Ligand SMILES: CC(C)(COP(=O)(O)OP(=O)(O)OC[C@H]1O[C@@H](n2cnc3c(N)ncnc32)[C@H](O)[C@@H]1OP(=O)(O)O)[C@@H](O)C(=O)NCCC(=O)NCCS
């Protein structure tokens, strides 16, 4: 399914965005560029394909042929869903695109009792602005020491 939306081009004009719910192999290279622009350098096209294939709710945003952002979620459809990898190309940030991606995912997750996520450091305020709150009993386990140091109490 494909949807249309608009956002600012950064110079006061409005540009059309296309939101796609399905991702194909041809999208993977463009998605990798978006990850790289955000400093996520370990995401190869194989890894991107794997994690998006495993996600049952996803959206990719394009301006013309260019991929400029995306997000994904894994949901059991009833009790729990987890949102991951909301990423907007750095040239397209601060134009409401991530809010639109999150809104699209939440719309498709409506009815699910709990939607949770772990914000990357420094982006907590974005999720707070979109209605998320800290979890009193949230816990996580990380394999890599640097992520343990960054994210765990
Ligand atoms: C975080 C990220 C997705 C935000 O994308 P964006 O398209 O620039 O966000 P939006 O323009 O939709 O922002 C919506 C609102 O959140 C605010 N916001 C966005 N990022 C913010 C941040 N890091 N800190 C505080 N506020 C932030 C915006 O100012 C805006 O506020 P407003 O509605 O009052 O004007 C983007 O910076 C990004 O891709 N970062 C790198 C990848 C990443 O870490 N993603 C999070 C994964 S958990």
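Numbering (my numbering), first residue to last: 1 to 153.
Ideal placement from N, C-alpha and C gives every residue a C-beta, glycine not left out.
Computed from a predicted structure; not experimentally measured.
Looking only at its own chain, which residues have a Cβ that is under 8 Å from the Cβ of residue i, when we skip the five neighbours before and after it?
| i | result |
| --- | --- |
| residue 34 | 67, 68, 69, 70, 87, 88, 89 |
| residue 6 | 14, 15, 16, 17 |
| residue 155 | Residue 155 cannot be examined here, being either before or after the span of the chain that is shown, 1 to 153. |
| residue 135 | 116 |
| residue 55 | 72, 73, 74, 84 |
| residue 2 | 18, 19, 20, 21 |
| residue 113 | 78, 79, 80 |
Check residue i in the structure and name its three-state DSSP category.
| i | result |
| --- | --- |
| residue 107 | helix |
| residue 45 | helix |
| residue 62 | strand |
| residue 74 | strand |
| residue 22 | coil |
| residue 85 | strand |
| residue 98 | helix |
| residue 117 | coil |
| residue 143 | coil |
| residue 57 | strand |
So residue i packs on residue j, CB below 8 Å; how close in whole Å?
| i | j | result |
| --- | --- | --- |
| residue 17 | residue 104 | No, residue 17 and residue 104 are not in contact; Cβ-Cβ is about 11 Å, not under 8 Å. |
| residue 41 | residue 81 | At roughly 28 Å, the Cβ-Cβ gap does not stay under 8 Å, so residue 41 and residue 81 are not in contact. |
Return the chain-ordered list of same chain residues with a C-beta closer than 7 Å to the C-beta of residue i, the five sequence neighbours on each side being excluded.
| i | result |
| --- | --- |
| residue 52 | 23, 58, 72 |
| residue 142 | 148, 151, 152 |
| residue 96 | 7 |
Could you tell me which residues DSSP pairs with residue i in its beta bridges?
| i | result |
| --- | --- |
| residue 6 | 16 |
| residue 34 | Partner(s): none; residue 34 has no beta bridge. |
| residue 39 | Answer is none; residue 39 lacks a bridge partner. |
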